Amino acid sequence: MHKIICKRPNYIIKFHLHPEQIKEPPVIRTLSCPADADFYELHASLQLAFGWAAIHSFDFAVVNPSYSPPTDMMQIIQFQRMQAMNGGNNPASTAPEYLFRITDPVPRTQFSGIDRMHEGGRRHPQTQEKKADEYKLYQLLDNAKWEGKKIVYTYDFGDNWEHFLTVEGRSDATGEFEVLSGTGHYVAEDVGSYTGWEELKAAYRARDLTSEQKEKRSWFEKMAANCDPRGLTGNRVSLFENRDEINWNMRSDHIEDYFEKHRQQHAGRRLERINWLIGQH
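Counting in my numbering, the sequence shown runs from 33 upward without gaps.
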């Protein structure tokens, strides 16, 4: 008699980038995600789906609903002093921002120094951590302990791009990630968080461009790590393009080759960006 192997159904997950800050248009991707995949595989798939350049660190985290950041200037100064005295990490006497973190297993990325500088504020003695390549989706998403809690994927701890997760349902089990739908053009890497993205969009809406707006447009079309030579003119800011190509590259037998080619291309363009920056000054 053959042993019957029951595969866990895929999750249908909506990832919404800064839902409170990025609205016109919203930037959303909905993916079918294998339950037995690990979170590092999910990270790689989200980099493709959102058009990121995979040059920064990341984590997945369960948000503490009772956490509130200090807002009063004196509270902020006191909190920063406490962090400094604790080696840049959050002291145990404060409330944790996250209840659980799934962290980047890669020790260094291109800008890991910047990311690691900010990461101390994400750690807390009360926050349990697991490595992304050692923790599977179902271990978090099927855990009753986290039911009803907000879960966020954060990429680049400087710009702090927050993608909030909503599990919208389940589907037949597969071994592959797949983008089912999306809205909004991908966001520019290192643009300066959501405020910088809004400024870049405004530069494309403007009729009489300032010199700063011209520079922003030129940077995005030529020098951003995920540049788009066509920019955001017309309705391009609302478009999610190349879904079939993204899904092809997202396949488990293609994704490593994609990122290897991507790294080589990115390394070759670093000198171009440096020369461009020199030419602007």
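Where a beta carbon is used, it is the ideal one built from N, C-alpha and C, also for glycine.
Values in this document were obtained by computation on a predicted structure and should not be read as measured data.
Status (buried if at least 16 other CB within 10 Å, exposed otherwise) for residue i
{"i": "P139", "result": "exposed"}
{"i": "R155", "result": "buried"}
{"i": "G214", "result": "buried"}
{"i": "I306", "result": "The predicted position of I306 is uncertain, since its pLDDT is 49 and thus under 50; no value can be drawn from it."}
{"i": "K177", "result": "exposed"}
{"i": "N279", "result": "buried"}
{"i": "Q242", "result": "The sequence given here places Thr at residue 242; Gln does not occur at that position. By the neighbour-count rule (16 or more Cβ atoms within 10 Å), T242 is not buried but exposed."}
{"i": "A235", "result": "buried"}
{"i": "Q53", "result": "exposed"}
{"i": "E194", "result": "buried"}
{"i": "H48", "result": "buried"}
{"i": "M282", "result": "buried"}
{"i": "D188", "result": "buried"}
{"i": "N267", "result": "exposed"}
{"i": "C38", "result": "exposed"}
{"i": "N192", "result": "exposed"}
{"i": "N258", "result": "buried"}
{"i": "D147", "result": "buried"}
{"i": "D276", "result": "exposed"}
{"i": "A238", "result": "exposed"}
For residue i: DSSP bridge partner residues
{"i": "K168", "result": "D70"}
{"i": "C65", "result": "Y43"}
{"i": "F90", "result": "Y187"}
{"i": "G201", "result": "I44"}
{"i": "R133", "result": "A93, E161"}
{"i": "S213", "result": "T62"}
For residue i, three-class secondary structure by DSSP
{"i": "Q53", "result": "coil"}
{"i": "E230", "result": "helix"}
{"i": "L309", "result": "Only weak support exists for where L309 lies, its pLDDT of 49 falling under 50; the value from the coordinates is given anyway. DSSP places L309 in helix when its eight states are reduced to three."}
{"i": "G224", "result": "coil"}
{"i": "W193", "result": "strand"}
{"i": "Q158", "result": "coil"}
{"i": "R239", "result": "coil"}
{"i": "D147", "result": "helix"}
{"i": "E273", "result": "coil"}
{"i": "K248", "result": "helix"}
{"i": "A176", "result": "helix"}
{"i": "K293", "result": "helix"}
{"i": "N258", "result": "coil"}
{"i": "N281", "result": "helix"}
{"i": "H286", "result": "coil"}
{"i": "G153", "result": "helix"}
{"i": "S100", "result": "coil"}
{"i": "L80", "result": "helix"}
{"i": "H34", "result": "Note that H34 has pLDDT 41, beneath the 50 cutoff, so the model's placement of it is unreliable and the number below is only indicative. It is coil, neither helix nor strand."}
{"i": "E253", "result": "helix"}
{"i": "T265", "result": "coil"}
Check whether residue i and residue j have beta carbons under 8 angstroms apart
{"i": "E56", "j": "Y99", "result": "no"}
{"i": "R40", "j": "A76", "result": "no"}
{"i": "K16", "j": "L232", "result": "Summary: the structure shown does not reach residue 16, with the chain confined to residues 33 through 313, and so no result is reported for it."}
{"i": "E210", "j": "D70", "result": "no"}
{"i": "L74", "j": "L169", "result": "yes"}
{"i": "K181", "j": "V59", "result": "no"}
{"i": "S203", "j": "I44", "result": "yes"}
{"i": "Y72", "j": "P157", "result": "no"}
{"i": "S284", "j": "G228", "result": "no"}
{"i": "S64", "j": "L173", "result": "no"}
Review point. Are the region 215-232 and the region 74-83 touching by the rule of at least three beta carbon pairs closer than 8 angstroms?
Key: yes
Point to revise | Stretch-stretch touch, CB-based, cutoff 8 angstroms, three pairs: the region 266-273 with the region 196-205 | key: no
Review point. Any chance the region 85-95 sits against the region 151-171, with 3 or more Cβ pairs inside 8 angstroms?
Key: yes
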